[in-house]
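Step one of this worksheet: look at the structure below.
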Amino acid sequence: MNTATKSTIDVQSAASATTSLPAAVDQSDIPAECMRVAPDAVAVIDGKLTEAGEMLVTELVAEILPLINQAPSPEAALAAYGQLLGEGIASIVAGRCTVYRWCVETNYHFDHTGADHTVSSLSRDEPLVYAHLLHLSGSKPIIGLQGEDLNADQARSKAAELRKLADTVDEMAGLITEGRTATTPGHWPWCQPGECVTRQYDDGETYIEHYGRKATAVLVDTDGSDMLQLRANLCYDESTTKKHPDIFLEDPDGNCVFLDVISLDAAIARLSNFTGDLRGMRRQMLEPPCEVPAPQKIADQYVDRLTVGVSEPQLEVRA
53 MNTATKSTID
63 VQSAASATTS
73 LPAAVDQSDI
83 PAECMRVAPD
93 AVAVIDGKLT
103 EAGEMLVTEL
113 VAEILPLINQ
123 APSPEAALAA
133 YGQLLGEGIA
143 SIVAGRCTVY
153 RWCVETNYHF
163 DHTGADHTVS
173 SLSRDEPLVY
183 AHLLHLSGSK
193 PIIGLQGEDL
203 NADQARSKAA
213 ELRKLADTVD
223 EMAGLITEGR
233 TATTPGHWPW
243 CQPGECVTRQ
253 YDDGETYIEH
263 YGRKATAVLV
273 DTDGSDMLQL
283 RANLCYDEST
293 TKKHPDIFLE
303 DPDGNCVFLD
313 VISLDAAIAR
323 LSNFTGDLRG
333 MRRQMLEPPC
343 EVPAPQKIAD
353 QYVDRLTVGV
363 SEPQLEVRA
């Protein structure tokens with residue numbers, strides 16, 4: 053017999069279990085009219101929750117108990133609630149921030165600080181550059197960059213400048229390296245030893261295919277089942293009428309293109325924009341739902357998750 057329309061769960065007997073959260077138990081011998089959830093059924097990990105943590109639990113109980121009692125299967129709903137609440141309590145007990153995943157502050161706090169991201173110095177204790185996320189109570193989140201407080205748009209603008217600077221530093225390092233390399237007669241300064249190939253025309257005349265630095269980007273699927281590759285190679289073929297080298301860009305399993313300086317500049321710009329879009333999506337991957345003041349935010353999250361679970365058809369509860 054399905055008594056879900058009138059039955060709720062009585063877990064008064066669970067009130068004494070102060071060292072664990074309530075779990076689903078066999079309620080088959082309890083009369084349906086006596087099955088009811090009570091606030092003291094939620095067991096708090098005794099002595100480990102702060103006063104603020106206990107207030108959070110109380111708010112969660114007040115929000116979710118009515119949903120449990122209205123569920124088609126209150127017993128199943130209680131078990132689901134216990135699991136969800138356990139996750140929240142575990143975060144509080146462990147001292148982790150319950151508002152932002154990136155926050156490194158512990159225990160109950162109002163100001164949120166992220167980890168420092170730095171470029172270390174070779175000669176000083178202080179980093180060359182540092183940045184972190186910061187959200188002080190009563191203000192908007194900011195990015196602290198080398199002592200400057202930046203909003204999102206300002207931070208992205210500075211990030212673009214820093215990427216350009218990094219590319220320039222890499223180019224300067226290349227100039228130093230190339231300047232120290234002895235150039236073999238008939239070759240370019242960038243030719244890699246042993247990579248160039250000498251070929252012969254039918255009439256016996258020879259020409260050289262020059263090959264320089266190679267770059268490979270390998271993107272592996274999360275589970276390692278598949279991958280994408282993109283390869284680039286600086287090259288020059290003496291058999292052509294071109295005056296300058298090309299970049300040979302290819303997907304080993306697909307097409308390939310030869311890029312001159314102008315085409316390469318355009319490709320770099322497009323790839324830079326593509327990388328910027330990836331960074332934006334990366335940020336969105338870790339964004340929480342629309343922010344509301346804690347702890348109400350956490351309570352609402354649990355309510356939403358539980359509402360979905362208890363609104364679906366459940367197994368019958370025996371009376």
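So for the sequence shown, my numbering puts the first residue at 53; every next one is plus one.
Ideal Cβ placement from N, Cα and C applies to all residues, glycine included.
None of these values were measured; they are calculated from a predicted model.
Whose C-alpha, out of the options, is nearest the C-alpha of residue i?
i	options	result
residue 178	186, 161, 169	169
residue 165	213, 296, 155, 326	155
residue 242	226, 253, 250	226
residue 313	298, 321, 327	298
residue 189	197, 151, 244, 128	151
residue 310	294, 158, 127, 322	294
residue 182	175, 191, 171, 176	171
residue 335	204, 266, 228	204
residue 191	253, 162, 317, 266	162
residue 328	138, 240, 149, 216	216
residue 138	266, 254, 113	113
residue 321	247, 219, 175, 118	219
residue 296	240, 332, 325	240
residue 325	236, 212, 270	212
Residues in its own chain within less than 8 Å of residue i by CB, not counting five upstream and five downstream?
i	result
residue 338	153, 154
residue 238	260
residue 214	181
residue 256	none
residue 316	299
residue 68	Caution applies to residue 68, whose pLDDT of 31 falls short of 50 and renders its modelled position unreliable; the value that the coordinates give is listed next. So no residue of the chain qualifies.
residue 221	none
Could you pull out every residue in the same chain whose Cβ sits closer than 7 Å to the Cβ of residue i, ignoring the five residues on either side in sequence?
i	result
residue 185	154, 166, 193, 195
residue 173	179, 180
residue 210	197, 202
residue 330	none
residue 345	Confidence at residue 345 is low in this model, with a pLDDT of 48, below 50, so the placement of that residue should be treated as unreliable; the coordinate-derived value is given next. Within the same chain, residue 345 has no close Cβ partners at all.
residue 252	258
residue 333	none
residue 199	none
residue 247	263
residue 272	279
Quick one: what's residue i bridged to in DSSP?
i	result
residue 282	269
residue 293	The partner list for residue 293 (beta bridge, DSSP) is empty, contrary to what the question assumes.
residue 288	262
residue 298	287
residue 310	300
residue 250	260
Does residue i come within less than 8 Å of chain D when only Cβ atoms are used?
i	result
residue 255	Although the question refers to chain D, the structure presented lacks it and comprises just one protein chain.
Within the same chain, show all residues whose beta-carbon is closer than 6 Å to that of residue i, passing over the 5 residues directly before and after it, in chain order.
i	result
residue 187	164, 193
residue 268	283
residue 83	Reliability of the predicted coordinates at residue 83 is poor, the pLDDT of 37 falling under 50, and no value is obtained from them.
residue 276	none
residue 149	155, 157
residue 372	The shown model of the chain, from 53 to 371, leaves out residue 372, and the question about it has no answer.
residue 207	195
residue 249	261
residue 81	With a pLDDT of only 39 at residue 81, under 50, the local geometry of the prediction cannot be trusted, and no value is derived from it.
Could you tell me if the beta carbon of residue i falls within a distance shorter than 7 Å of some heavy atom in the ligand HEM?
i	result
residue 317	The ligand HEM is absent from the structure shown, which contains no ligand whatsoever.
*Which runs of the beta strand (DSSP E) spanning at least 3 residues fall entirely within the region 148-236, listed in chain order?*
169-171, 181-187, 194-197, 200-202
*asked:* Check whether the region 253-263 and the region 280-295 touch, using three or more Cβ-Cβ pairs below 8 Å as the test.
replied: yes
*Stretch pair the region 277-286 + the region 300-309: three plus CB contacts closer than 8 Å*: yes
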